[in-house]
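Take 481 as the starting number for the sequence shown in this note's numbering and just add one per residue. Taking it in order: structure first as structure tokens, then the write-up.
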Amino acid sequence: MSLEAQVEQAARLIVGAKHAVSITGAGHSTPSGIPDFRSPESGLWARYNPMVVASIFGFRQCPEGFFEWVRPLVKTLLEAEPNPAHQALADLEAIGCLKAVITQNIDGLHQRAGSQRVLELHGHVREATCIRCYRVEPTEPFLPGFIENGRIPQCPSCGGILKPNVILFGEQLPVSVLNAAWREVRACDLVLVAGSSLTVAPACDLPMTAVMHGAHAIVINYQPTDLDARAQVVIHDDVALVLPKIATLCRQYLASSPDNL
Ligand SMILES: [Zn+2]
481 MSLEAQVEQA
491 ARLIVGAKHA
501 VSITGAGHST
511 PSGIPDFRSP
521 ESGLWARYNP
531 MVVASIFGFR
541 QCPEGFFEWV
551 RPLVKTLLEA
561 EPNPAHQALA
571 DLEAIGCLKA
581 VITQNIDGLH
591 QRAGSQRVLE
601 LHGHVREATC
611 IRCYRVEPTE
621 PFLPGFIENG
631 RIPQCPSCGG
641 ILKPNVILFG
651 EQLPVSVLNA
661 AWREVRACDL
671 VLVAGSSLTV
681 APACDLPMTA
691 VMHGAHAIVI
701 NYQPTDLDAR
711 AQVVIHDDVA
721 LVLPKIATLC
731 RQYLASSPDN
741 L
């Protein structure tokens, strides 16, 4: 089937759905220049293994090592801009075709593109928590000193180290976010996987649960996923190319038959 035909089929499914949710991963942000830090090709493995340095055990043992490793990544996150795939999902939500985005990404680019309901399974860097007194602080005031001089953020109340609210390897995912994500996939009748190879739990289990409950599935990802065999539409291509085409078509379909709204 041609790409155009697949895009048309995806758009028809989305417009026909009552409750569509999207699940996004690292591939959604690579067009924004953000490396997949789990990948050895990211360049972030040159001196450290992130599975060690970006684990909660590594952090507790040597927070300096974590901050040194994460510094170039944070700089990249702050400089990155949402790409057309982020914009397309925000557009789909704005026209009533998407209820939520569940993401593995910590970059906040969905919100910056305009998405309203974003469930961040792996946390974010907007806030940090003191490891001594658990006070939560916005990270913005600490970022320039950290990026420019490597100054480790410290709690203004007790002087403890502020750990960014990202989920490190070995840490539990945030329960309220995870529960909300499960509710979304149980309620949905369409799941749109975009830029995730679905290899990391629970992101890999969420869409499968949706499908088991009878939801349609659309997969847009460079690499094949375990969901492909169960999906109505599978497109192994660039999300930043494909999603805007789908969003444009959805808008057209709605304009021609507004009853679908
Ligand atoms: Zn503190």
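All residues carry an ideal CB built from backbone N, CA and C; glycine is no exception.
When the options are compared against residue i, the one with the closest alpha-carbon
{"i": "Glu620", "options": "Pro644, Leu599 and Glu521", "result": "Pro644"}
{"i": "Leu557", "options": "Ala526, Met692, Gln732 and Pro515", "result": "Pro515"}
{"i": "Ile647", "options": "Leu658, Ser637 and Cys638", "result": "Leu658"}
{"i": "Val501", "options": "Met688, Phe517, Gly545 and Cys613", "result": "Met688"}
{"i": "Arg606", "options": "Cys613, Asn585 and Arg612", "result": "Asn585"}
{"i": "Ala667", "options": "Lys498, Ala697 and Pro520", "result": "Lys498"}
{"i": "Gln732", "options": "Ile700, Asn629, Ala491 and Ser677", "result": "Ala491"}
{"i": "Pro654", "options": "Leu678, His602 and Gly545", "result": "His602"}
{"i": "Gln489", "options": "Ile698, Glu617 and Gly545", "result": "Ile698"}
{"i": "Lys555", "options": "Leu729, Arg518, Gly625 and Arg615", "result": "Gly625"}
{"i": "Ser482", "options": "Val722, Ser737 and Leu589", "result": "Val722"}
{"i": "Ala674", "options": "Ile726, Ser737, Leu524 and Phe546", "result": "Ile726"}
{"i": "Leu589", "options": "Glu561, Ala580 and Val616", "result": "Glu561"}
Residues near residue i by beta carbon distance below 6 Å, same chain, minus five either side
{"i": "Ile582", "result": "Ile503, Leu599 and Ala661"}
{"i": "Ala570", "result": "Ala593, Gly594 and Ser595"}
{"i": "Ala506", "result": "Asp516"}
{"i": "Cys610", "result": "Cys635, Gly640 and Leu642"}
{"i": "His696", "result": "Leu493, Leu670 and Gln712"}
Residue i: first and last residue of the uninterrupted beta strand (DSSP E) it sits in
{"i": "Thr609", "result": "Gly603 to Cys610"}
{"i": "Ala697", "result": "His696 to Ile700"}
{"i": "Glu617", "result": "Val616 to Pro618"}
{"i": "Val714", "result": "Val713 to Ile715"}
Residues bridged to residue i [DSSP beta-bridge criterion]
{"i": "Gln634", "result": "Ile641"}
{"i": "Ile503", "result": "Ile582 and Val673"}
{"i": "Val646", "result": "Gly603"}
{"i": "Phe535", "result": "Contrary to the premise, residue 535 reads as Ser rather than Phe in this sequence. Paired residue(s): Phe649."}
Close beta carbons around residue i, own chain, < 7 Å, minus the five adjacent residues each side
{"i": "Leu741", "result": "With a pLDDT of only 48 at Leu741, under 50, the local geometry of the prediction cannot be trusted, and the value read off the model is given with reservation. Cβ within range, chain order: Gly576 and Leu734."}
{"i": "Val680", "result": "Gln584"}
{"i": "Cys613", "result": "Cys635, Ser637, Cys638 and Gly640"}
{"i": "Cys730", "result": "Ala491, Ile494, Val495, Leu572, Ile575 and Cys577"}
Cut-off 8 Å between Cβ atoms - residues of its own chain near residue i, not counting five sequence neighbours on either side
{"i": "Leu578", "result": "Ile494, Ala500, Val501, Ser502, Leu569, Leu572 and Leu672"}
{"i": "Gly650", "result": "Ser535, Ile536 and Phe537"}
{"i": "Ser676", "result": "Ile503, Thr504, Gly505, Ala506, Gly507, His508, Gln584, Ala683, Asn701 and Thr705"}
Below-8 Å beta-carbon distance, residue i vs any chain B residue
{"i": "Leu707", "result": "Although the question refers to chain B, the structure presented lacks it and comprises just one protein chain."}
Boundaries (first-last residue) of the alpha helix (DSSP H) holding residue i
{"i": "Ile726", "result": "Val719 to Ser736"}
{"i": "Pro564", "result": "Pro564 to Ala574"}
{"i": "Val554", "result": "Pro543 to Glu559"}
{"i": "Gln596", "result": "No alpha helix (DSSP H) contains Gln596, which DSSP labels as neither H nor E."}
{"i": "Trp662", "result": "Val655 to Ala667"}
{"i": "Gln489", "result": "Leu483 to Gly496"}
{"i": "Ile627", "result": "Leu623 to Asn629"}
{"i": "Leu686", "result": "Asp685 to Met692"}
Checklist entry - Does the pairing of the segment 557–566 with the segment 508–517 give three or more beta-carbon distances under 8 Å? => result Flag = yes, the segment 557–566 and the segment 508–517 touch.
Checklist entry - Are three or more beta carbon pairs between the segment 681–697 and the segment 528–546 nearer than 8 Å? => result Because the criterion of three Cβ pairs below 8 Å is not met, the segment 681–697 and the segment 528–546 do not touch.
Next on the checklist: Whether or not the segment 627–638 and the segment 543–562 are in contact is what I'm after, with contact meaning three or more pairs of Cβ atoms, one per stretch, closer than 8 Å; do they touch?
Outcome noted: Segment contact: the segment 543–562 against the segment 627–638, three or more CB-CB distances shorter than 8 Å; contact assigned.
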